[in-house]
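Residue numbers for the sequence shown follow numbering that gives the first Met the number 0, beginning at 0 and rising by one.
Here's the structure, in structure tokens; my notes come after.
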Amino acid sequence: MTAQPDTARDGIPRERDLLLALTRNRQDRFSQIARAGLEALGDAIQIVDSRGEELFANERLRELQKEVDRDQLAELMDADAEATCRSRTEWELDGSGRVLECVTAPLKDSLGARVGRILVLRDLTAERAGERLQDELISIVSHELRTPLVSTLGFTNVLLRDGGLAGETRQAVETIRDETVRVLRIVDNLLHFRRSGDGFSRHPSRFDLSDMIDEQVVIFRTTAVRHDVRFERPEEPLEVEADREWMTQVLTNLLTNAVKYSPAGGTIAIAGERRDGHIRVSVRDEGLGIPEDQRDKVFEKFSRVETPETEEIEGIGLGLALCREILADHEGTIDFESAVGHGSTFWFDLPAA
Ligand code: ADP
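Put into structure tokens, the structure is as follows:
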């Protein structure tokens, strides 16, 4: 009788071998993909084990090692060697002016034990140079554009007050004034985004927001002739400790928007109240409103709501982004509610003084 192969005994090891080979194959494939991914990223990446021995370095890191002074780079890479959590440092390398950002994080195994760390270096030189250029440009705008605009505004106001103008001439001068105010607001909004240099610091003082609102109401009433701008001054003072100039900028932006985005006119109601520990100022209009699906973007820089009605209305999408930054700088917040075709209410909260 010929011996039959023992399929039960022979089959099991074969299946196990196949499974092992398959798993190994998958692991190889995965590590190939992971490597390709780390190479494809534009950043320089290094992975070291817990003794600091290099396990992986991508091509970009090798290039950087050739381009940058080795000692400086080594110092940069060792700086956070002991960091037990994710850390980020920015370095300006001596001499070359090169700016590198270094992010490092410990690597842990599935049981949470530290097995090494990953280090990511990003070249921020071009980005920082762009920011510097932007700062310089805004500085030029500030000095070369703002000063003549302010005097144009001053002289047109003198002409309107004392010039005895009437009819079309008066209308023409009023248009000059309104357009000057509009451009001045854009310049002022742009100015705030300059991150360094003079004229940008915060000068906090203690004041009653109602006084500031009263002043702005007078100004807006002269220009927003189709709107009924109202403010019922509350009995209690709305005292805050803030930079008055920047707070004026916030209110001006909200009022400008309330006017701009209610082209048919209507009431613009400003209210102020004290609520547990903070002061809330709101500006309500009866204008176009903001569609639900576009609400997320109104506080983003250079972002505008796109509807057929807003297409005709001029703006660059900086006003609300600026308001949000100013308020964040003052530990305040800004928000709104809106109904299309009925109007919007924007409000901001500031800690009470
Ligand atoms: P800009 O008015 O220059 O476009 P803002 O940052 O002030 O920029 O506003 C962003 C967008 O939010 C505007 O383009 C506008 O579509 C919308 N918006 C702001 N305020 C109002 C408002 N009161 N009513 C309706 N839409 C508004």
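Here a beta-carbon is modelled for each residue, glycine too, at the ideal position from N, C-alpha and C.
Per DSSP, which one or two residues make a beta bridge with residue i?
i, result
"residue 121", "100"
"residue 245", "Beta-bridge pairing links residue 245 to no other residue."
"residue 240", "205"
"residue 45", "56, 118"
"residue 332", "348"
"residue 343", "337"
Compute the distance between the beta-carbons of residue i and residue j, then report whether it is under 7 Å.
i, j, result
"residue 269", "residue 333", "no"
"residue 98", "residue 60", "no"
"residue 351", "residue 273", "yes"
"residue 208", "residue 276", "no"
"residue 353", "residue 323", "This structure does not reach residue 353, given that the chain is present from 0 up to 352, and the question cannot be answered."
"residue 288", "residue 342", "yes"
"residue 319", "residue 278", "no"
"residue 145", "residue 172", "no"
"residue 267", "residue 226", "yes"
"residue 137", "residue 54", "no"
"residue 216", "residue 206", "no"
"residue 119", "residue 42", "yes"
"residue 89", "residue 100", "yes"
Suppose you measure from the CA of residue i to the CA of residue j; what does that come to, to the nearest Å?
i, j, result
"residue 357", "residue 244", "Not covered by the structure: residue 357. The range shown for the chain is 0 to 352."
"residue 194", "residue 202", "Annotation note: pLDDT 49 at residue 194 (below 50); position unreliable, coordinate value reported separately. Whole-angstrom Cα-Cα distance: 16 Å."
"residue 182", "residue 176", "10 Å"
"residue 110", "residue 116", "16 Å"
"residue 28", "residue 39", "16 Å"
"residue 344", "residue 86", "41 Å"
"residue 121", "residue 63", "10 Å"
"residue 294", "residue 71", "47 Å"
"residue 49", "residue 131", "39 Å"
"residue 355", "residue 253", "Only positions 0 to 352 of the chain appear in the structure, and residue 355 is not among them; the question remains open."
"residue 184", "residue 239", "24 Å"
Grab me the residues of residue i's own chain with a C-beta within less than 8 Å of its C-beta, minus the 5 sequence neighbours each way, in chain order.
i, result
"residue 220", "228"
"residue 191", "199, 245, 248, 321, 324, 325"
Please go through the same chain and pick out, in chain order, the residues whose beta-carbon is closer than 7 Å to the beta-carbon of residue i, but skip the five residues on each side of it.
i, result
"residue 179", "148, 151, 152, 155"
"residue 13", "none"
Enumerate in chain order the residues of its own chain whose CB-to-CB distance from residue i is below 6 Å, with the five nearest sequence positions on each side excluded.
i, result
"residue 290", "339"
"residue 283", "268, 344"
"residue 286", "260, 261, 342"
Ordered list of beta strand (DSSP E) runs contained in the stretch 272–310, each at least 3 residues: Within the stretch 272–310, complete beta strand (DSSP E) segments of at least 3 residues are found at 277–283, given in chain order.
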